[in-house]
């Protein structure tokens with residue numbers, strides 16, 4: 003996704019992605035640790051599919067996990083991080 007970007011554009015994109023990640027995690031914390039694509043779409047004013055892709059990307063990075071992984075995952079839960087894991 004960030005391949006090919008250099009300099010200022012790469013830095014700006016990384017800041018946007020970090021801010022989005024933090025905003026989705028804050029939303030999940032406000033809702034008791036769970037967030038679904040419909041709630042995220044409403045909160046950020048984006049399409050439900052876009053919010054789902056954000057959540058899936060965060061799940062692939064280990065920040066969220068699918069609530070019902072065997073079915074079509076639209077609900078995600080915050081993954082409790084272990085001690086000593088550090089920041090990303």
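Residue numbers (the working numbering): 3 to 90.
All C-beta atoms in this analysis are idealised placements derived from N, C-alpha and C, irrespective of residue type, glycine included.
Treat the numbers as computed from the prediction; the structure is a model and nothing was measured.
C-alpha distance - residue i paired with residue j, whole-angstrom precision
{"i": "residue 56", "j": "residue 18", "result": "12 angstroms"}
{"i": "residue 65", "j": "residue 8", "result": "26 angstroms"}
{"i": "residue 45", "j": "residue 11", "result": "26 angstroms"}
{"i": "residue 22", "j": "residue 36", "result": "16 angstroms"}
{"i": "residue 26", "j": "residue 13", "result": "20 angstroms"}
{"i": "residue 32", "j": "residue 48", "result": "19 angstroms"}
Cβ-based neighbour list, residue i, same chain, cut-off 6 angstroms, excluding 5 preceding and 5 following
{"i": "residue 90", "result": "The predicted model places residue 90 with a pLDDT of 49, which falls under 50 and marks its position as unreliable; any figure quoted below should be read in that light. Counting only Cβ-Cβ distances below 6 angstroms, and skipping sequence neighbours, we find nothing."}
Element boundaries [alpha helix (DSSP H), containing residue i]
{"i": "residue 20", "result": "9-32"}
{"i": "residue 65", "result": "Per DSSP, residue 65 belongs to no alpha helix (DSSP H) and is neither H nor E."}
{"i": "residue 40", "result": "39-46"}
Where the beta strand (DSSP E) through residue i begins and ends
{"i": "residue 51", "result": "It is not in any beta strand (DSSP E) - residue 51 instead sits in the alpha helix (DSSP H) that spans 50-62."}
Same chain, Cβ closer than 7 angstroms to residue i, neighbours up to 5 away in sequence not counted
{"i": "residue 53", "result": "39, 42, 43 and 46"}
{"i": "residue 67", "result": "61, 78, 79 and 81"}
{"i": "residue 50", "result": "39, 40 and 43"}
Bridge-paired residues (DSSP) for residue i
{"i": "residue 35", "result": "DSSP, once it has assigned bridges, lists no residue as partnering residue 35."}
{"i": "residue 74", "result": "Paired residue(s): none; residue 74 is not in a bridge."}
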